[in-house]
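See structure below.
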Amino acid sequence: MKKILISEKGRKFLVKGAEFHSNHGRVDIEEGAESVESHLGHRFAVLDPDLIDIYEKMPRAGSYMLKKDMGMILGYLGVGTGAVVVDAGTGSGALAIFLGNVAGTSGRVYSYEHKPEFAAVAEENVKTAGLGDVVSVGVRDVLEGFREDTGTVDFVTLDLNEAWKTLEEARRILRRGGRIAIYNPYIEHARLVHNRLVELGFMEIQTLESVTREMEFRVQGTRPKTSRVGHSGYLTFARKV
Numbered sequence: 009m010k011k012i013l014i015s016e017k018g019r020k021f022l023v024k025g026a027e028f029h030s031n032h033g034r035v036d037i038e039e040g041a042e043s044v045e046s047h048l049g050h051r052f053a054v055l056d057p058d059l060i061d062i063y064e065k066m067p068r069a070g071s072y073m074l075k076k077d078m079g080m081i082l083g084y085l086g087v088g089t090g091a092v093v094v095d096a097g098t099g100s101g102a103l104a105i106f107l108g109n110v111a112g113t114s115g116r117v118y119s120y121e122h123k124p125e126f127a128a129v130a131e132e133n134v135k136t137a138g139l140g141d142v143v144s145v146g147v148r149d150v151l152e153g154f155r156e157d158t159g160t161v162d163f164v165t166l167d168l169n170e171a172w173k174t175l176e177e178a179r180r181i182l183r184r185g186g187r188i189a190i191y192n193p194y195i196e197h198a199r200l201v202h203n204r205l206v207e208l209g210f211m212e213i214q215t216l217e218s219v220t221r222e223m224e225f226r227v228q229g230t231r232p233k234t235s236r237v238g239h240s241g242y243l244t245f246a247r248k249v
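Residue numbers 9 to 249, in the working numbering, belong to the letters of the sequence shown in order.
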């Protein structure tokens with residue numbers, strides 16, 4: 009049994025099992041309960057966790073991609089039900105999980121991570137998200153090539169330090185008309201990626217940055233929150249023709 013407990017102050021806890029302990033006290037969760045009270049008198053709302061809850065509470069391995077960037081990747085690639093996706097640079101598995109959620113049980117996401125300890129964390133996160141039948145996590149240095157057959161993949165996503173070195177192989181496994189997304193934290197790397205995509209004959213190449221501002225509503229007025237995430241990375245998209 010997996011549940012999300014939300015405290016009266018909005019703090020979330022992802023709970024696996026019927027009993028939970030925190031500084032708020034012990035909580036016993038009965039199946040079907042909509043709220044519970046700890047032995048110290050703190051109340052919690054009880055919900056079934058959705059994908060956002062799992063993303064927010066899952067263990068991290070290294071850096072992880074933000075929702076704003078994953079949303080752009082899903083939207084600009086056009087990933088849909090039944091898609092076959094190769095995801096390189098798994099990290100904690102966040103992007104692989106969101107891709108798998110869209111691809112569904114008729115699709116497949118093959119995610120590769122060169123650090124075994126990161127791959128282990130990502131694999132557990134995939135299982136927690138209930139996507140173990142859709143997303144597979146493998147240990148592999150994709151700079152040495154992909155294992156997929158030529159022209160068998162609908163979409164490729166790359167979150168790698170030297171992504172431009174993998175683009176020829178990525179082009180090989182993409183079907184004609186397939187799309188690729190590359191995440192880079194630095195504009196210099198994005199430029200190298202852009203130039204290599206041009207050399208390889210990709211079309212519809214564009215590099216974008218997503219900057220979001222959350223609004224803060226107070227009695228005296230409304231303004232953007234002063235503590236916010238500004239720059240996270242640059243996203244380059246292209247299509248094989």
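Ideal Cβ placement from N, Cα and C applies to all residues, glycine included.
Which term fits residue i, buried or exposed, when burial requires 16 or more other beta carbons within 10 angstroms of its beta carbon?
| i | result |
| --- | --- |
| G18 | exposed |
| H197 | buried |
| E224 | exposed |
| V206 | exposed |
| A26 | exposed |
| K248 | buried |
| P7 | Nothing about residue 7 can be read from this structure; the chain reaches only from 9 to 249. |
| Y194 | exposed |
| V219 | exposed |
| E64 | exposed |
| K11 | buried |
| E131 | buried |
| R116 | buried |
| D157 | exposed |
| V227 | exposed |
| S100 | buried |
| L231 | Position check: residue 231 holds Arg in this sequence, whereas Leu was assumed. Label assigned to R231: exposed. |
| S46 | buried |
| R34 | exposed |
According to DSSP, residue i sits in a beta bridge with which residue or residues?
| i | result |
| --- | --- |
| Q214 | F245 |
| I14 | K20 and A53 |
| T230 | F225 |
| D77 | DSSP output for D77 lists no bridge partner at all. |
| V44 | F52 |
| I190 | L166 and T244 |
| E121 | V147 |
Could you give the residue range of the beta strand (DSSP E) that holds residue i?
| i | result |
| --- | --- |
| A53 | R51 to L55 |
| H29 | E27 to S30 |
| E38 | No beta strand (DSSP E) holds E38; DSSP gives it neither H nor E. |
Hey, quick one: how far does the alpha helix (DSSP H) through residue i stretch, first residue to last?
| i | result |
| --- | --- |
| R204 | I195 to E207 |
| D61 | L59 to K65 |
What distance in whole Å lies between the Cβ atoms of residue j and residue i, which are believed to be in contact at a cut-off of 8 Å?
| i | j | result |
| --- | --- | --- |
| L168 | G97 | 5 Å |
| M73 | A91 | The Cβ separation is near 18 Å, so there is no contact. |
| G186 | F163 | 6 Å |
| G108 | L151 | With a Cβ gap of about 24 Å, G108 and L151 do not count as contacting. |
| V147 | H122 | 7 Å |
| V94 | V161 | 5 Å |
| V134 | A178 | No, V134 and A178 are not in contact; Cβ-Cβ is about 22 Å, not under 8 Å. |
| I213 | A246 | 5 Å |
| M66 | T136 | 6 Å |
| L55 | I14 | 7 Å |
| H239 | E222 | Wrong, their Cβ atoms sit about 16 Å apart, outside the cutoff. |
Any chance you could list the beta strand (DSSP E) runs of at least 3 consecutive residues sitting entirely within the region 129 to 188, in chain order?
Restricting attention to beta strand (DSSP E) runs no shorter than 3 residues, the region 129 to 188 encloses them at 143 to 147 and 161 to 166, ordered along the chain.
Sequence ranges, beta strand (DSSP E) only - wholly within the region 87 to 118, length at least 3:
Unbroken beta strand (DSSP E) runs of no fewer than 3 residues, entirely contained in the region 87 to 118, are found at 92 to 96, following chain order.
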